[in-house]
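Trainee: Quick one: the structure is below, and I'll ask about it shortly.
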Amino acid sequence: TYSLEKSLQFIRDERQRELYAENHWWWDIRRWRTADQILNNFRQRVLSCYYVADEGKYIYLDEDNRLNRQWTASKACYYEPIPGGEIGKNNNLRPNNPLYN
-8 TYSLEKSLQF IRDERQRELY AENHWWWDIR RWRTADQILN NFRQRVLSCY YVADEGKYIY
52 LDEDNRLNRQ WTASKACYYE PIPGGEIGKN NNLRPNNPLY N
């Protein structure tokens, strides 16, 4: 039998494989509250496709982090700021987190 954590991890891994090119990954890791763990010093890998006209074929290059980017995410990325106009409508709301400024 699978534990709950193993089952959730299987679903997360499967979604990443199936939806990798459909911009779901970022929203998934935010929804699951795992972005701050996954993106801690995350280095992007890219498989680029190029057409070589002289040879009439496509080639694929593994361009491991060619832009030398390193990603990080804090727990603040899980929330969006409340629009200023909405905060002004309700005196019971506190100001936005200063990390949003």
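Residue numbers (this note's numbering): -8 to 92.
Virtual Cβ for every residue (Gly too), placed ideally from N, Cα, C.
For clarity, every value in this text was computed on a predicted model and none was experimentally measured.
1. Runs of 3 residues minimum, wholly inside the stretch 2 to 75: which ones carry the beta strand (DSSP E) assignment?
2. Measuring CB to CB, does L52 end up less than 8 angstroms from S65?
3. Would you identify the three-state DSSP class for L84, choosing helix, strand or coil?
4. Taking DSSP as the reference, what is the three-state secondary structure of S(-2)?
Mentor: By the coordinates alone:
1. Within the stretch 2 to 75, the complete beta strand (DSSP E) runs of at least 3 residues are 36 to 43, 48 to 55.
2. Taking 8 angstroms as the Cβ cut-off, L52 and S65 do not qualify as a contacting pair.
3. Three-state result, L84: coil.
4. For S(-2), the secondary structure class from DSSP, reduced to helix, strand or coil, is helix.
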